[in-house]
Amino acid sequence: KQEVTQIPAALSVPEGENLVLNCSFTDSAIYNLQWFRQDPGKGLTSLLLIQSSQREQTSGRLNASLDKSSGRSTLYIAASQPGDSATYLCAVKGVTGGGNKLTFGTGTQLKVEL
Amino acid sequence: DAGVTQSPTHLIKTRGQHVTLRCSPISGHKSVSWYQQVLGQGPQFIFQYYEKEERGRGNFPDRFSARQFPNYSSELNVNALLLGDSALYLCASSRTTDKTSGYEQYFGPGTRLTVT
């Protein structure tokens, strides 16, 4: 059974700091990994999608890496801003299991302070 | 283009009642998935439908059911509501259900269900 873990559970940083969020998964047989952002009480916003054959993806100040063999992904946020405050979730689409099922971690709650 | 839409946004029900939640996928997307997110947890997969057929089911009781219509919109039904069914219900759409595809899944704003 795939299990996804995110560390740390919560993080508070001053504005402008570069930071790294971690995601690990137990079954390396995945098709892709997706990072999402969730604001309180809201739905999920897709940030980056990394295919199993890729090592990293970049979008603006965000960079996500994937090491499938070790079951790890990191989300790097450069020059953090207060508007980055949200919960960040990673999810994997496994080879086993049904259809488009995503298995999520419990998220990292990020607060960027002025 | 409109994103994934869900209705209603909020709902309050009493234990034992029935509820129907609705989802419209992004235009051109044929796959719809449903997730339950309890406060403080990551979303848990409930169902996936593609071309009106169930393609995946999570570990949820038979009180949960769903269907997909010819226009690819979907309904999630929950019978005999329990207090523990209180959660944010999320719908996600993607172009296909091809297991080898790398298509992103796009989520709607969710329906907040409170069971009292």
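Order-wise, the sequence lines are chains A and B. Oh and the first sequence: position 70 is 63 in my numbering, straight run, nothing missing. Quick note, my numbering runs 24 ahead of the 1-based positions in the second sequence. Backbone N, C-alpha and C define an ideal beta-carbon position, used for all residues, glycine too. Computed from a predicted structure; not experimentally measured.
Not flagged as an interface residue toward chain B: Phe18(A), since no C-beta distance is shorter than 9 Å.
The shortest C-alpha to C-alpha distance from Ser51(B) to any of Asn83(B), Val28(B), Lys76(B) and Glu77(B) is the one to Val28(B). Scanning chain A for C-beta atoms nearer than 7 Å to the C-beta of Ser98(B) yields nothing, as the closest lies near 13 Å away. Assignment of Pro7(A) by DSSP, reduced to helix, strand and coil, places it in the strand class.
Classified as buried, Ser55(B) has 16 or more neighbouring CB atoms from the shown chains inside 10 Å of its CB. Around Asn56(A), no beta-carbon contact reaches into chain B at under 9 Å, the shortest distance being about 17 Å. Secondary structure at Leu107(A): coil, using DSSP grouped into helix, strand and coil. Restricting attention to Leu59(A), Val105(A), Phe97(A) and Asp20(A), the CA atom closest to the CA of Gln44(A) is found in Leu59(A). Inter-residue distance for Gly9(A) and Leu107(A) is about 9 Å (C-alpha atoms, whole angstroms). The DSSP-derived three-state label of Asp109(B) is helix.
Assigned with DSSP and collapsed to three states, Asp60(A) falls in strand.
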